[in-house]
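Some notes on the structure that comes next.
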Amino acid sequence: MGVALTRAAQWTAAGFGTGTLELTPLNEAILNDIIKFVETFSVKYSQEAEFVFKEPLEWKTTLEPSEFESGYIVSGTTVQSEENSKDGQPLLLLSGNDIKVSSFGQLSRLLHLAKDKKLKETQACLEANRDPVVKILGAGYGTVEGEDLSTIRFLDKMKKDDDHENIKMKISLLLQQLDMLLLNNSLKHISLEIRLNPSVVKNDVDLLKHFSGKGEQTVLESIDYTSDFEFANGCRAPPWRQMHGEICYLIVKPHDCDSICLTCSTAGVFVNGGIENEAHEIDYERRSEIYKDLVTFLREKSAKFSENMSKQKLSFFGGKKKEKKKLKSITEKEEIPNLPKASLVLQKSPSEKRRMVRKLEPSLKWTSSIIPQQKKESAKESQDEKSILSTTDKPKSVSPSTSAGKTQSSSRRKSSIKIEDLISESSSESEEDEEQPDHRQEGQTDLPSEYWQIQKLVKYLKGGNQTATVIALCSMRDFNLTQETCQLAIRDVGGLEVLINLLDTDDIKCKIGSLKILKEISHNSQIRRTIVDLGGLPIMVKILDSPDKNLKCLAAETIANVANFRRARRTVRQHGGIKKLVELLDYAQSKTEPMHRHCLYETKDVEVARCGALALWSCSKSHANKEAIRKAGGIPLLARLLKSSHENMLIPVVGTLQECASEEHYRAAIKAERIIENLVKNLSSENEVLQEHCAMAIYQCAEDEETRDLVRQHGGLKPLAALLNNTDNKERLAAVTGAIWKCAICKENVTKFREYKAIETLVGLLTDQPEEVLVNVVGALGECCQEQENRVIIRRCGGIQPLVNLLVGTNQALLVNVTKAVGACATEPENMMIIDRLDGVRLLWSLLKNPHPDVKASAAWALCPCIENAKDAGEMVRSFVGGLELVVNLLKSENKEVLASVCAAITNIAKDQENLAVITDHGVVPLLSKLANTNNDKLRQHLAEAISRCCMWGRNRIAFGEHKAVAPLVRYLRSKDTNVHRATAQALYQLSEDANNCITMHENGAVKLLLDMVGSPDEVLQEAAAGCISNIRRLALATEKAKYS
């Protein structure tokens, strides 16, 4: 641990000061690993946890005395542990804000008490104890640079037969293992970080200098290096600071705040201590968080910088005017005004095709190139292609007088990219978790003729006048734009940029033609990403304000296609697209329209609303967008549209609601707007897609009890049961079975499903179905099995065998549901006989080895009724080789649900005396005792039941007292859960058979609590409480009698 803290952890002190641990991602990972080690230390190494440190660990704590529970003596602002060292000193002592801890056991308990303050307490402890190993084990075990003599020291100590020294050496080895784990994890963490280098920093600074000055539109007032001298490696920091990864130091003056002195290092950019006035030396100590690059830092610190940055753009090819002029003259020669449609589809000769392949190589990378110094040669090779792309902004406006100015600004906008997207080459697109572009082979020689014809049309789009542009767009639409070859032909020759530029013109026909093509080709994932890279989405969002309804529809449909990955959805939201799309849903008819035009206007308005809903459906896959839709007032509008009779519009409306229903506040709004009634109504539609999305929306909403009742009240259970018979459409079947599963959580709904014969149909779906259907089917059967009548139906329909067969699967969600269903069926003795005959109990037992905690817990819960209802259960359990040892070892788990389920299983296993003897030998008593200090009522109940059962063998009662399990059990009586009271009273009754346990109970105030429970209406609780009090009283009388006799 000492080596990791010295070498891997990041301390704020630049020199030799003590410094502090900043909560950087690396430090946080180190602290979390240390917390995990200490929290589990008492469970894994009980003997070593009691070892008393050479010197206590001391630090300033934020914990209050009131936060310390049982096991501590609290007096005002002082707290001390009941556990003491051999010399009588408490192992934990809190005095004011100063705390001293002298054992791992107390450290572990302290972290459990700290709860959400764990990280802060661990940080404070390590800052105050820079080499904790010295204080724990002594100076001989300290972290020393040079040779590692720990092995030799270990051999020397082994010669001495001293238990204390053996424990000491074991702790030393455990701490060394922790050290290696921390160092290895730190290396992995560091290897994943994006590192800056001198070249990247220099490019950032040069670009920012270019856009800095005194004007209001500049991003900064000034940015300068503190030193003009540059080393051969590109760094400007002194060599002794380069050893710390520092590259250079900058003085930056934003418009809206004072000058800032920054350090640029390989780890990122941060504020340093500034330049000292007298010595003119830099205070190298870090005074801020670390930011990944210069632009990220400045955007965070300066609002003016962020505002101007979004306005400032940088042209790719500003210095290449000669190439532009040359290409312009070429395109002017090729320009053919008023060209007939038929002449636009001429084919090239084979030799011309080969030349074109070499000249127009497809490339997606041109949009992100900036031609930095180190890439000049490669940039020069691709300059011809880039120059072609930069000339695509020819005049497209109808009005010749305004076309020049408009196209000039359009060219600057379309052939450029925002400066913040260019400055940091080290930044990655890690957020792009979808649609990674597939790289197809370049330079294909067998491309179809359509590929070359489309590329010729794109050239006319670039160079033609307005008439030629419209004709070329119409001709392009004659091709099958759903084919990938045609789509990529448009992209490869730079046609996407031309189409996006056309959206900025004043000509409605050009806009409509361009959007129709973009709508078709944007089904391709590569095209979608390129549209976003070219800045097409903000323009489409702007078009949503157009008075032309056809334009609105096309723009919304194209946005729906493009917004299929995270960055696109974020772009729509950031440019105000969500609010505009929600406004499209409000398609109320104007009362001023004449009656004969009423139908026409209604149709157009419905189409606008449909397209808006379609776009919102795509955007609603983002949590932030769901919130934006809600704030924009989308839910009432969607609710109103749901009452429409237009099925084409209903599908995207229901789809949007289905996506949003995963959020709790949306489900509340859906209930308030009475949307469930219309969802149920549309389940009876003949449109299978609409049925699927309605069922999926019900599945999402039925997480709430009130919604489950509403589905029943509006008659939704019958159509759901009827849809189970149509098994051809698997997507719809998955949605329907999911809705039935969630609705079956309500007992009244289960009764209805039984009336509609849905349970028999569900049993029939247990075979030959995909996993997404099986998960829901088994989940629904698991809920139905809670009633005895339904368990009989499942057995009669032959459902037990397919359920047991599913226990051998690997799908986590399916295994959780199957184990629950099998466990519920096992409560019937007849069902249990079938499960036993099919070897179902062995399969359940094997699932206790599953790596997923949910599967382990569900399997353990299922074993309880199996053991309880099996004939000769004791012999059956013993027949599983290593089964009892596996169950006992699961008590070392950290998952509360696993622990509770295993305790419940042990309660049933311990009913057999032979099995109880076996698990006692496997150490069940100390493991159960270690779990006693828990606040989880579910675990408390089953733990107390397990302890009660285990007391019935040998000297287990005495052993529980020796392992200090009695005092925590007394605290369970203060719980508000009557089930906990009953189980605890039974456990205390069994433990009270031992005199020492009676004394412990009396000391911890058990008698008063048990007296209150003697008057409980629960007879079992009454009897157990009275029996325990009787044993305590009997001991007191015997003691008193012995005293006087």
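Start counting at 1 in the sequence shown, then tack on 3, and there's your number in the working numbering.
Backbone N, C-alpha and C define an ideal beta-carbon position, used for all residues, glycine too.
Between which two residues does the alpha helix (DSSP H) holding K552 run?
In the sequence shown, residue 552 corresponds to position 549, counting from 1. Per DSSP, K552 belongs to the alpha helix (DSSP H) from 552–565.
Given that a residue counts as buried once 16 or more other Cβ atoms are within 10 Å of its Cβ, and exposed if not, what is Q180?
Taking the sequence shown and counting its residues from 1, one reaches residue 180 at position 177. Exposed, by the Cβ-count rule.
Would Q772 and A827 qualify as a contact pair, given that the criterion is a beta-carbon distance under 8 Å?
One-based indexing of the sequence shown puts residue 772 at position 769. One-based indexing of the sequence shown puts residue 827 at position 824. Their beta carbons are not under 8 Å apart, which means Q772 does not touch A827 by this criterion.
To the nearest angstrom, report how far apart F56 and L96 are at their CA atoms.
In the sequence shown, the residue the question calls residue 56 occupies position 53. In the sequence shown, the residue the question calls residue 96 occupies position 93. Using only the alpha carbons, I get a separation of about 14 Å.
Give me the residue from D166, L185, L190, E61 with the minimum Cα distance to L129.
Locating residue 129 in the sequence shown gives position 126, where the first residue counts as 1. Of D166, L185, L190, E61, the residue nearest in Cα terms is E61.
Contact check, T574 vs L540 under 8 Å by CB: the rounded distance?
The residue labelled residue 574 in the question sits at position 571 within the sequence shown. The residue labelled residue 540 in the question sits at position 537 within the sequence shown. T574 to L540, Cβ: 5 Å. Contact.
Nearest-angstrom beta carbon gap, S951 and A907 [assumed within contact, 8 Å]:
Here residue 907 refers to the residue found at position 904 of the sequence shown. Here residue 951 refers to the residue found at position 948 of the sequence shown. Wrong, their Cβ atoms sit about 12 Å apart, outside the cutoff.
Mind checking which residues open and close the alpha helix (DSSP H) that includes S861?
Position 858 of the sequence shown holds residue 861. That run of the alpha helix (DSSP H) goes 856–872.
For F273 and Y294, which I take to be in contact (beta-carbon distance under 8 Å), what is that distance rounded to the nearest angstrom?
Position 270 of the sequence shown, counted from the start, is the residue given in the question as residue 273. Position 291 of the sequence shown, counted from the start, is the residue given in the question as residue 294. The Cβ separation is near 7 Å, so the contact holds.
Contained alpha helix (DSSP H) runs [length at least 4] in the region 660–746, N- to C-terminal order:
667–675, 678–685, 691–704, 708–716, 720–726, 733–746
Could you pull the start and end residues of the alpha helix (DSSP H) that F756 belongs to?
Sequence index remark: in the sequence shown, residue 756 carries index 753 (1-based). Its alpha helix (DSSP H) spans residues 750–758.
So, with DSSP's three-state summary, where would you put K103?
Within the sequence shown, the letter at position 100 stands for residue 103. Looking at K103 - three-state DSSP - the assignment turns out to be strand.
Along the chain, where does the alpha helix (DSSP H) that runs through C238 open and close?
Within the sequence shown, numbered from 1, the residue matching residue 238 stands at position 235. Segment: none, C238 is in no alpha helix (DSSP H) and carries neither H nor E.
Could you give the DSSP three-state label for T370: helix, strand or coil?
The sequence position of residue 370 within the sequence shown is 367, counting from 1. Caution applies to T370, whose pLDDT of 31 falls short of 50 and renders its modelled position unreliable; the value that the coordinates give is listed next. Correct three-state label for T370: helix.
Could you give the DSSP three-state label for V55: helix, strand or coil?
Position 52 of the sequence shown holds residue 55. Reduced to three states, the DSSP call for V55 is coil.
Contact between the region 212–226 and the region 243–252 (3+ Cβ pairs under 8 Å)
no
Checking the sheet assignment: what are the DSSP bridge partners for L110?
As a working mapping, residue 110 is identified with position 107 in the sequence shown. BP columns for L110 are empty, so no partner.
Please return the same chain residues whose Cβ sits closer than 6 Å to the Cβ of A563, not counting the five positions on each side in sequence.
Here residue 563 is taken as the residue at index 560 of the sequence shown, counted from 1. Only L617, A618, S621 meet the Cβ criterion.
Straight-line CA distance for G466 to V501?
For the purposes of this step, residue 466 is taken as residue 463 along the sequence shown, with counting starting at 1. For the purposes of this step, residue 501 is taken as residue 498 along the sequence shown, with counting starting at 1. Cα to Cα, the separation comes out at about 10 Å.
How would you write the range of the alpha helix (DSSP H) that C1001 sits in, first residue to last?
Within the sequence shown, residue 1001 is the residue found at index 998, counting from 1. Counting along the chain, the alpha helix (DSSP H) containing C1001 begins and ends at 998–1006.
Can you grab the Cα-Cα spacing for the pair H213 / I285, in whole Å?
For the purposes of this step, residue 213 is taken as residue 210 along the sequence shown, with counting starting at 1. For the purposes of this step, residue 285 is taken as residue 282 along the sequence shown, with counting starting at 1. Cα-Cα distance, rounded: 26 Å.
Cβ pair V739, L726 closer than 8 Å:
Taking the first residue of the sequence shown as position 1, residue 739 is located at position 736. Taking the first residue of the sequence shown as position 1, residue 726 is located at position 723. Going by C-beta atoms, V739 is nearer than 8 Å to L726.
Nearest to N834 by alpha carbon, out of V795, P856, P805?
For the purposes of this step, residue 834 is taken as residue 831 along the sequence shown, with counting starting at 1. In this structure, V795 is the residue among V795, P856, P805 with its C-alpha nearest to the C-alpha of N834.
P201 to A306, Cα distance in whole Å?
Translated into the one-based positions of the sequence shown, residue 201 becomes position 198. Translated into the one-based positions of the sequence shown, residue 306 becomes position 303. Taking the straight line from one Cα to the other gives about 27 Å.
Considering only their Cβ atoms, is the gap separating A865 from T822 smaller than 8 Å?
Position 819 of the sequence shown holds residue 822. Position 862 of the sequence shown holds residue 865. The answer is yes: Cβ separation under 8 Å.
What would DSSP say about E249, mapped onto helix, strand or coil?
Taking the sequence shown and counting its residues from 1, one reaches residue 249 at position 246. Strand at E249.
Here's the rule I'm using: 16 or more other beta-carbon atoms within 10 Å means buried, otherwise exposed. How should S381 be labelled?
As a position in the sequence shown, residue 381 is number 378, starting the count at 1. In this prediction, S381 has a pLDDT of 38, which is less than 50 and means its spatial position is unreliable; nothing more can be read from the coordinates.
So which of C954, L505, D507, A566 has the shortest CA-CA distance to Q529?
Walking along the sequence shown from the start, residue 529 turns up at place 526. For Q529, the nearest C-alpha among the options comes from A566.
Cβ-based neighbour list, D1021, same chain, cut-off 7 Å, excluding 5 preceding and 5 following
Within the sequence shown, residue 1021 is the residue found at index 1018, counting from 1. Within the same chain, D1021 has close Cβ partners T981, R985.
Straight-line gap, L723 to I743 (C-alpha atoms, nearest Å):
Here residue 723 corresponds to residue number 720 of the sequence shown, with the count starting at 1. Here residue 743 corresponds to residue number 740 of the sequence shown, with the count starting at 1. Answer to the nearest angstrom: the Cα atoms are 7 Å apart.
Just confirm the distance between the C-beta atoms of V753 and C697, as a whole number of angstroms; I'd bet it's less than 8 Å.
As a position in the sequence shown, residue 753 is number 750, starting the count at 1. As a position in the sequence shown, residue 697 is number 694, starting the count at 1. Actually they do not touch by this definition, with Cβ atoms about 21 Å apart.
Could you tell me which uninterrupted alpha helix (DSSP H) segments, each at least 4 residues in length, are contained entirely in the region 792–848, listed from first to last along the chain?
803–808, 815–828, 832–840
Using only alpha-carbon positions, find the residue among Y992, Q703, F963, L894 that is nearest to E662.
Translated into positions along the sequence shown, residue 662 becomes position 659. Nearest C-alpha to E662: Q703.
Taking the CB atoms as reference points, tell me whether I581 and I632 lie closer together than 8 Å.
Counted from its first residue, the sequence shown places residue 581 at position 578. Counted from its first residue, the sequence shown places residue 632 at position 629. Closer than 8 Å, so yes.
Spell out the partners DSSP gives K256 in its beta bridges.
Position 253 of the sequence shown, counted from the start, is the residue given in the question as residue 256. In DSSP, K256 forms a bridge with S225.
Excluding the five sequence neighbours on either side, which residues of its own chain have a C-beta within less than 8 Å of the C-beta of L1012, listed in chain order?
In the sequence shown, the residue the question calls residue 1012 occupies position 1009. So the qualifying residues of the chain are V973, L976, R977.
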